[in-house]
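**Q** Mind looking over this structure? Questions follow.
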Amino acid sequence: MLSDVLVPRNRWDLLAGYPRQVPTVTVIVTHYEQHHLLSRMASALRRQTLRPARVVLADDGSARTPGFAVPGVETVVVSQPDEGFRAGAVRNLAARRSVGEVLVFLDADTVPEAGYVEEIVRHIALCPDVLAVGRRRHASFAGLAHDRQPAASAALAEPAWLRDAYAASENLLHADGRSFRFVIGAVLACRRDLFHDLAGFDERFVGYGGEDWDLAYRAWNAGAVLVHERAAVAWHDGPDWAGRGGEAEVMDHQSARLAAVIPEPSTRGAPMPGTIPDVLVDVHAAGPFGDTVRTVHSLLRQTHRDLGIRLSAPDERLRETYAAVVRTEPWSGDQLRRARVRVDVHEPLPAAAVERAVTMIAESDVGRVDLVREGRRLGVAWSTRALGRARRWSARFETDDVIDRAFGRRRLSLDGADDRTTTLAGFFAGWT
């Protein structure tokens with residue numbers, strides 16, 4: 000049985016004092032019409048210092064089923080019809096055939112060095128929340144015998160944006176809500192339990208790229224600990240996409256697709272709360288009708304515009320007033336996984352309250368923020384990230400215990416007068 004260490008926030012460095020664990024690993028290799036590379040991949044996996052219990056070749060619709068076997072390792076080949084680039088879907092298919100505790104994802108054109116598996120599972124084996132990304136280097140495999148490893152070739156330039164990001168964040172130790180961009184599906188690993196908790200890759204992604212960033216975003220948002228395992232090196236055949244003259248339209252399509260499902264502001268670019276809001280607000284006002292109206296209106300006035308509002312106990316009169324802007328049905332699973340913050344509100348909030356709470360949660364990785372005015376709590380803002388980690392640890396700890404130990408809580412003092420002293424007409428008109 001592996002160690003399960005609960006670390007605060009993204010502090011994977013605190014695992015340094017624990018002895019290494021040896022997990023059971025399934026390696027999943029994503030493939031499409033790269034038959035000429037498979038013998039090199041088989042040779043590299045056979046050389047691993049931590050040999051996988053199973054290797055699953057995930058074929059994304061090649062014209063002929065690839066023949067693939069790793070000597071001495073149980074090998075399975077799964078395939079799906081060719082319906083476009085569906086790397087996420089075929090990885091999910093392969094994951095359903097996995098065994099053991101850890102999944103290690105590789106692409107067929109990304110060949111691991113001998114110590115790759117052992118190095119990429121280093122922190123995963125100690126902490127079930129870790130999502131690890133290896134170091135993808137670049138070389139040309141042309142003219143290189145299949146039994147020789149790419150490290151013997153002249154290295155091509157590594158993408159500067161990725162190298163600089165890892166250096167600036169100390170290998171993602173100082174990751175934040177934007178660091179999912181530095182996680183690459185070709186060199187990715189995590190516990191099987193974490194992968195299942197995330198519901199795997201989103202199979203709606205069809206076309207080149209984005210499915211790995213989406214998974215990494217949802218992982219961070221569910222409380223994952225991001226680690227760049229620099230010693231886990233795998234070699235990609237050819238340069239990075241930026242060095243191949245990739246079409247701008249392909250990258251633009253990827254950016255637009257991510258903006259639709261990832262509400263993080265620098266990814267989305269503008270508030271788009273219609274389907275996937277950044278903030279989910281549940282209104283629990285139990286007082287007079289007018290007080291509930293004031294509370295909902297206060298949310299519609301928020302400076303943070305990317306939010307959805309739900310009435311927990313709807314009044315038919317409220318349905319008439321707010322039919323187009325407020326929901327009564329439960330939040331969808333997709334909304335709950337992707338919104339960065341959840342807010343429970345009992346009384347009207349000042350216009351900047353949600354923005355201030357979101358900033359506090361996003362910048363300080365806080366788990367809970369109490370919204371307080373004149374000693375009275377108006378509501379609570381919860382980090383979806385903290386709630387996700389607490390859910391996975393629920394068999395051992397209470398939710399509040401995980402939030403306090405791993406993220407902490409803060410108090411946000413709010414200004415402004417109590418708007419309930421005027422009539423609704425006065426409130427709507429802004430009278431004091």
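Following numbering that gives the first Met the number 0, the numbering of the sequence shown begins with 0 at its first residue and continues without gaps.
Backbone N, C-alpha and C fix where the C-beta goes; we use that ideal spot for every residue, glycine too.
Source: prediction; values computed, not measured.
Run through the segment 164-225 for me and flag every whole alpha helix (DSSP H) of 4 or more residues, listed as ranges in chain order.
**A** Those alpha helix (DSSP H) runs which fall completely within the segment 164-225 and span 4+ residues are 191-196, 210-220.
**Q** Nearest by alpha-carbon distance to Leu14: which of Gly307, Leu413, Ile123 is it?
**A** Checked all of Gly307, Leu413, Ile123; the closest Cα to Leu14 is Ile123.
**Q** Closest to Gln20 by CA distance: which of Asp3, Glu32, Ser97 is it?
**A** Comparing Cα positions, the closest option is Asp3.
**Q** Kindly indicate which three-state DSSP category His345 falls into: helix, strand or coil?
**A** Three-state DSSP puts His345 in coil, outside helix and strand.
**Q** Under three-state DSSP, which class holds Ser297?
**A** In this structure, Ser297 counts as helix in the three-state DSSP scheme.
**Q** On the premise that Arg309 lies in contact with Val282, defined as a C-beta separation below 8 Å, what is that separation, rounded to the nearest angstrom?
**A** Indeed they touch by this definition, with Cβ atoms about 7 Å apart.
**Q** Are the CB atoms of Ala188 and Ala107 within a distance shorter than 8 Å?
**A** Not closer than 8 Å, so no.
**Q** For Arg243, which residues of its own chain have a beta-carbon under 8 Å away from its beta-carbon, when the five flanking residues on both sides are left out?
**A** Summary for Arg243: the model assigns pLDDT 46, below 50, so the residue's position carries little reliability, and this model does not support an answer.
**Q** From Ala405 to Glu263, what does the alpha carbon distance come to, in whole angstroms?
**A** Looking at the two C-alpha atoms, the distance is approximately 22 Å.
**Q** Using 8 Å as the Cβ pair cut-off and three pairs as the minimum, do the segment 199-210 and the segment 85-100 touch?
**A** Result yes; three or more Cβ-Cβ pairs closer than 8 Å.
**Q** Alpha carbon to alpha carbon, how far is Gly407 from Glu397? Give it in angstroms, no decimals.
**A** Their backbone Cα atoms lie some 14 Å apart in a straight line.
**Q** Run through DSSP, which three-state label would Arg243 get?
**A** Per-residue confidence for Arg243 stands at a pLDDT of 46, beneath the threshold of 50, marking its modelled position as unreliable; no derived number is given.
**Q** Could you pull out every residue in the same chain whose Cβ sits closer than 8 Å to the Cβ of Val379, ignoring the five residues on either side in sequence?
**A** Same-chain partners within the cutoff: Val342, Asp343, Arg367, Val368, Asp369, Leu370.
**Q** Can you find the residues in the same chain that come closer than 7 Å, C-beta to C-beta, to Arg46, ignoring five residues on each side of it along the sequence?
**A** Result list for Arg46: Ala113, in chain order.
**Q** Verify whether the separation of the beta carbon atoms of Pro51 and Val26 is less than 8 Å.
**A** The answer is yes: Cβ separation under 8 Å.
**Q** Kindly identify the DSSP beta-bridge partner or partners of Leu335.
**A** Note: Leu335 sits in no beta bridge, so no partner.
**Q** Just checking my contact of His227 with Leu155 at CB under 8 Å: how many whole Å lie between their CB atoms?
**A** Actually they do not touch by this definition, with Cβ atoms about 20 Å apart.
**Q** So Pro264 is in the alpha helix (DSSP H); what residue range does that whole segment cover?
**A** 264-267 is the extent of the alpha helix (DSSP H) around Pro264.
**Q** Using the C-alpha atoms, what's the distance from Gly209 back to Arg267?
**A** Cα to Cα, the separation comes out at about 14 Å.
**Q** Taking C-beta to C-beta, are Phe67 and Leu49 nearer than 8 Å?
**A** No, these two residues do not count as a Cβ contact at 8 Å.
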